[in-house]
Amino acid sequence: MIRSVFLGSGSALPKRVVTNAALADEIDTSDEWIIERTGIRQRYIAGDDETTSSLAVNASRKALAAAGIGAGSIDLIILATATPDQTFPASATIVQHELGCNGGIAFDVAAVCSGFLYALATADSMLRTGMAKRALVIGSETFSRILDWEDRGTCVLFGDGAGAVVLEAQDVAEDGPGILASRLHADGAHNQLLFVDGGPSTTGTVGKLRMKGREVFRHAVVNLAEVLGEVLEDADISADEVDWIVPHQANKRILDATARKLGISEDRVIVTVDQHANTSAASVPLAFDVAIKDGRIKPGDLVMFEAMGGGFTWGACLARM
């Protein structure tokens, strides 16, 4: 059977690290307040010379190197982002040009924190149907550009960064590697719980992020537990068989609550929110790359990816490495 197999991963972070203590010097907050409510200890903030596309390019180059292939063999690039360099063209085309693999398919996906899951499922569909052979799937964000730095309830939660994976369509055995199942959902009824108050068609401005945290938390735990169950059922896999969960890194309390709801031990959940904060579409591939590089995720492991973000959008994907 044809499956989308992971060949390599990479990540990139801005040069500037901002600790909770540094934020407390600028706004009405404290290290203790942030850690207690979110688990975040620091985040990376992009400088003037760092953009969503430049971070994506750096992460992609590392993923290609890890895969041991050149950019010229990539015929599909999907970039998940809510903070593109320009309204158009897609930031994916900038990445494509910088990597030197022009001529293939390149486009952006806008599903906020679930963006990488949406991009991963889209790439998987295109690889399995033969539209492409090798894909770069990227999550990259400069969320600091759309934060209201006077709103301590939101600005402490987010950071910037990028993560990328290389996928290849391969004919494998039933127990072989690759993406086994994916599920995606959206519910526009909850737009006003997590959104940006601007856009080209409405205000003509970029706008700032707005969020009602308690309501988002409640929906996140329920929606993520349900979609994880759907994917396990589709793949005919039990939760006990999953080696690792790589979740969207929004809030440590959401990660813990979701694990408890599924009956999964917290030591099987990859957690990087303390180091990166919430990097939206970049958080899942960033966490995945960390766990690949430190040796936790190994060939043959069953890995579950999951995320929920503004929209609401949410999804999950199960893969064998």
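With numbering that gives the first Met the number 0, letter number 38 in the sequence shown gets 37, and the count goes up by one each step, no holes. No residue lacks a Cβ here, since even glycine has one placed at the ideal position from N, Cα and C.
For residue 184, the enclosing beta strand (DSSP E) stretches over residues 177–185. Taking all protein chains shown into account, residue 148 has fewer than 16 neighbouring C-beta atoms within 10 Å of its C-beta and is therefore exposed. For residue 154, the enclosing alpha helix (DSSP H) stretches over residues 151–154. Across the structure, residue 123 and residue 82 are spaced so that their CA atoms are roughly 23 angstroms apart.
Each of 176, 295 and 161 was checked against the Cα of residue 168, and the nearest Cα belongs to 176. The alpha-carbon separation between residue 293 and residue 286 amounts to approximately 11 angstroms. In the structure shown, the three-state DSSP call for residue 32 is helix.
A straight-line Cα-Cα distance of about 10 angstroms links residue 135 and residue 7.
In this structure the region 51–63 does not touch the region 31–40; the number of beta carbon pairs closer than 8 angstroms is below three. Per DSSP, the unbroken alpha helix (DSSP H) holding residue 284 starts and ends at 282–292. Between residue 156 and residue 276, the gap from beta carbon to beta carbon is short of 8 angstroms. The C-alpha of residue 253 lies about 27 angstroms from the C-alpha of residue 5. At the C-beta level, residue 314 and residue 120 come within 8 angstroms of one another. For the pair residue 86 and residue 80, the Cα-to-Cα distance works out to about 12 angstroms. For the pair residue 48 and residue 260, the Cα-to-Cα distance works out to about 42 angstroms. Nearest to residue 284 by C-alpha distance, out of 240, 241, 61 and 125, is 61. Selection 140, 2, 184 and 194 evaluated against residue 312 yields 184 as nearest (Cα-Cα). Your pair residue 20 and residue 27 does not check out as a contact, with CB atoms roughly 14 angstroms apart and the cut at 8 angstroms. Excluding sequence positions up to five before and after residue 64, its CB lies within less than 8 angstroms of the CB of 7 and 9, all in the same chain and listed in chain order.
Annotation for residue 77: the continuous beta strand (DSSP E) segment containing it runs 75–79.
In this model, residue 213 and residue 271 are separated by some 22 angstroms (Cα to Cα). Per DSSP, reduced to three states, the secondary structure at residue 102 is coil, with no helix or strand assignment. By the criterion of at least three beta-carbon pairs nearer than 8 angstroms, the region 296–305 is in contact with the region 211–230. Our two residues, residue 69 and residue 164, have alpha carbons roughly 14 angstroms apart in a direct line.
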